[in-house]
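J.: Note that the UniProt record's numbering numbers the sequence shown so that position 125 is 125, with each residue one more than the last.
No residue lacks a Cβ here, since even glycine has one placed at the ideal position from N, Cα and C.
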Amino acid sequence: MWGSPNPSMGARAGLVCLSSSLPTTTTGDDRIHVFWHDGMLNHDPGTGVFDSGIDPGFLDVLENHPENSDRVKNMLSILKKGPLSPFISWHTGRPALIPELLTFHTSGYIDELVEADRNGGKMICAGTFLNSGSWDAALLAAGTTLSAMKHILDGHGKISYSLVRPPGHHAQPTQADGYCFLNNAGLAVQLALDSGCKSVVVVDIDVHYGNGTAEGFYHSDKVLTISLHMNHGSWGPSHPHSGNVDELGDGDGFGYNLNIPLPNGTGDRGYEFAMTELVVPAVQKFQPDMMVLVIGQDSSAFDPNGRQCLTMKGYREIGRKIRTLADKLCDGRLLIVQEGGYQVTYSAYCLHATLEGALNLPLPLLSDPIAYYPEDEAFSIEFRTKGKFKEEELQALQEEVETSEQLHVMMETIAQGEVKEKKKNMLYNLTVELDIPGIQKISLNAILDTGATTCVVDSESVPTEALEANTYTVEFNGSFTKHILNEHNFISCISESLHRDMRLCN
Ligand SMILES: [Zn+2]
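1. What's the gap between the Cα of Pro-166 and the Cα of Pro-240?
2. How big is the Cα-Cα spacing for Lys-81 and Thr-345?
3. With a threshold of 16 other CB atoms inside 10 Å of the CB of Ala-378, please say whether the residue is buried or exposed.
4. Would you kindly check if the distance between the Cβ of Asp-204 and the Cβ of Val-294 is under 8 Å?
5. Got a sec: does ligand 1 put a non-hydrogen atom nearer than 7 Å to the Cβ of Gly-82?
6. For Val-207, verify whether its CB is less than 7 Å away from any heavy atom of ligand 1.
7. I'd like to confirm something about Glu-63: is its beta-carbon nearer than 7 Å to some heavy atom of ligand 1, or not?
8. If we ignore side chains and look at the alpha-carbon of each, how far apart do Gln-308 and Ser-300 end up?
9. Suppose the cutoff is 7 Å on Cβ atoms and the five residues either side in sequence are ignored; what does the same chain contact list for Glu-123 look like?
10. For Asp-327, which three-state DSSP category applies?
11. Return the CA-CA distance between Asp-60 and Gly-48, expressed in angstroms with no decimal places.
12. Identify whether Gly-341 lies in helix, strand or coil by the three-state DSSP scheme.
13. Residue range of the beta strand (DSSP E) that Ile-124 falls in?
14. Taking DSSP as the reference, what is the three-state secondary structure of Glu-247?
15. Is it the case that the CB of Asp-111 approaches a heavy atom of ligand 1 more closely than 7 Å?
16. When you compare only the Cα positions, how much space is there between Gln-172 and Gly-216?
17. Secondary structure at Trp-90, three-state DSSP: helix, strand or coil?
18. Between the Cα of Phe-254 and the Cα atoms of Ile-260, Asp-246, Leu-97, which residue gives the shortest distance?
19. Work out the CA separation of Ile-370 and Cys-112 for me, nearest whole Å.
20. Is it a yes or a no for the segment 361-369 touching the segment 324-342, going by three-plus beta-carbon pairs under 8 Å?
21. Does Leu-140 pass the burial test, meaning 16 or more other C-beta atoms within 10 Å, or should it be called exposed?
22. Can you grab the Cα-Cα spacing for the pair Asp-154 / Val-292, in whole Å?
23. Quick test of the definition: if touching needs 3 or more C-beta pairs under 8 Å, does the segment 68-84 touch the segment 93-109?
24. Determine the direct distance from the alpha carbon of Phe-58 to that of His-91, and round the result to whole angstroms.
25. List the residues that DSSP assigns as beta-bridge partners of Gly-48.
26. Once DSSP output is grouped into helix, strand and coil, what is the label at Asn-257?
27. Quick check: Tyr-372 and Met-312, are their CB atoms within less than 8 Å of each other?
28. Suppose contacts are defined by Cβ-Cβ distances below 8 Å. Is Arg-31 in contact with Ile-78 by that definition?
29. Glu-67: beta carbon under 7 Å from a heavy atom of ligand 1?
30. Just curious, the beta strand (DSSP E) that Ser-227 is in, first and last residue?
31. From the DSSP output, in three-state form, read off Thr-106 for me.
32. Do Asp-30 and ligand 1 come close, with the Cβ less than 7 Å from some heavy atom?
33. Measure the Cβ-Cβ separation of Gly-243 and Tyr-271 and say whether it is below 8 Å.
34. Going by DSSP in three states, Tyr-161 sits in which element: helix, strand or coil?
35. Between Cys-125, Ser-220, Leu-258, Val-200, which has its C-alpha nearest Cys-180's C-alpha?
36. Sorted by chain position, which residues of the same chain lie with C-beta nearer than 8 Å to residue 510's C-beta, five sequence neighbours on each side aside?
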């Protein structure tokens, strides 16, 4: 718990069901079809120091591996007994068949897993234990997700949620990674493509980079993979991907992988910003006919595996935004796939909130029992300054931007010269006035940390779309340090991502 309790939370309102004023049933498409199978509880990754499997010998109390069955038991029970239960139809999952797995994974890799299972299991890679019972659970997770997708493809419902474990989004075609063996979401995406979908978007909000899914479709322009994640980088041989903005896809897939690494403490407002400014425009441009939302509650404020500080409110908004996109672009077709989320009680609440959002319910059904995050308004930033232009001015501006080395230099010079006010010990409030000859002055405000002395405003970051929309957006691109745990730090990262995102659109 950070700081003192929020007085507005009163008497732990989160324990109170708020559903009495809302309809208790729904009709038509306003249901979520949840796919589940009890056999997935049989995967037991063991105990140790967190996820290491190590007993150092000097601790009296070891803990269950974070990806234990309790977390999913609570997700199951909150959906069965919580206020969302009237909105849910339940379906029993099934194991995947080996030929189905080969639509995403190589046969050599699947043979390795089968062999490991036959020999009683082993640690496949760091933190990832295939023990007795694990393989059957993994097959159930994959098959259950395929069933959830098929349910949509067959027109039996618009929204399916695949409540599965072990998780899958780190599993690459040839490699287990990060508690994942089979890429459940990736298999479902491939099924959608094989069933006639022309394009599928995957939005992954688990706190870790959905590297396995990204790699599976890295060369494809039929799947836009978007991942919002903690800026954790590579974590070893099983996870060589950086998750940085420059992993954009290859070949036909170039521009179809959008990584949005977010610094620690990004929070509800930061995620909302990223969704609005990056995810929504990218998905709208892509025009998918199937939406896949990959969820992990390890991006919550209380997760032992993440530092991103989302609360139920943030998850609810993400669910709502995705639902809006699905309605607008995909005829409402939305598959939601469970990944991480390791805080045993709060993960269930955040799942509930995400699904409330996906159902587009007008009011929260369940309030947040523990969220308190001291967001400091002083850190909030309006870093985009929009100026209105006449058409000829826009044309002149565009030419100027396209051709002017001088503009670049000028911007850089001004940016370095106008540090006006120091704030909060480590922040500078920087005001930049861009005096573009023959057009007009544009003011740009940003708050930079002390590492920003070499800040460069990159003229490349003026996107055509912004010009066409009669707005001019300047983004910083450069040497921001990323160590401060609050929202202003988010800006450096997001501006970098925006820069890349606009390149995608070119
Ligand atoms: Zn995760």
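T.: With the structure as the only source:
1. 21 Å
2. 14 Å
3. Summary for Ala-378: the model assigns pLDDT 35, below 50, so the residue's position carries little reliability; its value from the coordinates is reported in the next sentence. Flag for Ala-378 reads exposed.
4. yes
5. no
6. yes
7. no
8. 6 Å
9. Before going further, note that residue 123 is Met rather than Glu in the sequence given. Answer for Met-123: Gly-53, Phe-129, listed in chain order.
10. helix
11. 11 Å
12. coil
13. 122-125
14. coil
15. no
16. 6 Å
17. strand
18. Asp-246
19. Note on identity: in this sequence residue 112 is Glu, with Cys being the wrong assignment. Whole-angstrom Cα-Cα distance: 43 Å.
20. no
21. buried
22. 16 Å
23. no
24. 45 Å
25. Glu-63
26. strand
27. no
28. no
29. no
30. 223-230
31. coil
32. no
33. no
34. strand
35. Cys-125
36. Residue 510 falls outside the range modelled here, since the chain spans only 1 to 506, and no answer is possible.
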